[in-house]
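All residue numbers for the sequence shown refer to my numbering, where the first residue is 1488 and numbers rise by one.
A short write-up of the structure that comes next.
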Amino acid sequence: MPHILVIHGPNLNLLGTREPEIYGSTTLKDINEKLQKRATEASMSISFFQSNHEGAIVDALQEAATSADFVILNAAAYTHYSVAIRDAIAAIKTPVIEVHLSNIHQREEFRHHSVIAPVVMGQICGFGADSYLVALEAAIRKLSEAQHES
Ligand code: DQA
């Protein structure tokens, strides 16, 4: 069964109470439950990891090289400046989808630039909690295509 790893970066553990006017009122637990439900329906396994620490996210990406078939990553603030996370994505063959709840391109200028965008498969932003579900749908489609080809 294909395995998808979802990585949530710093401050996303506070979803629900953190700036709800920007990020909505859905909690991380609610998001993970929705993702779990959809992955189960699609006969895919899924696991979740949240960290406020850059190195822990680098470790999770390195582990994903052998333990996951797809990664959905919201690197949060690290998106905008972490060369270490960008290099970890570039170092592994597992495809990564970049996700943001908010539309980073409509926000402060420092959020417009993603240092990880050039090394991910694609970027989904601006759909609130649904950004994750849209990313999961894309991963499911890619993994199903790969299953049919093999
Ligand atoms: C975010 C956008 C980032 O700019 C911000 O630092 C976050 C969350 C989002 O999901 O919209 O923490 O990645």
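Glycine residues also receive a C-beta, built at the ideal position from the N, C-alpha and C atoms.
Rounded C-alpha distance that separates residue i from residue j
i	j	result
V1558	Y1568	20 Å
A1616	H1592	17 Å
A1625	V1586	12 Å
Q1634	V1493	20 Å
G1511	E1636	39 Å
A1552	L1623	18 Å
M1479	D1556	The chain is shown from 1488 up to 1637; residue 1479 falls before or after that span and cannot be answered.
P1507	S1530	32 Å
I1544	S1534	14 Å
K1521	V1607	23 Å
K1629	I1584	11 Å
Q1610	G1496	15 Å
S1618	S1554	23 Å
Proximity test, residue i beta-carbon vs the ligand DQA heavy atom, cut-off 7 Å
i	result
I1572	no
A1563	yes
T1566	yes
L1453	This structure does not reach residue 1453, given that the chain is present from 1488 up to 1637, and the question cannot be answered.
H1600	no
L1588	yes
I1576	no
I1494	no
I1591	yes
N1498	yes
Which residues DSSP lists as bridging residue i, in chain order
i	result
L1560	I1494, E1585
F1535	V1493
Q1610	E1585
Selected residue, minimal CA-CA separation from residue i, among the options
i	options	result
V1602	K1580, L1588, E1506, A1575	A1575
A1563	R1594, V1607, L1588, A1547	L1588
L1560	N1519, M1531, E1636	N1519
S1538	L1499, F1597, G1609, T1566	L1499
L1548	P1507, P1582, D1517	P1582
N1590	F1597, G1613, V1607	G1613
V1570	I1491, A1604, Q1523	A1604
D1546	L1620, T1513, A1578	A1578
Y1565	V1621, K1580, R1598	R1598
E1541	I1572, T1514, D1517	I1572
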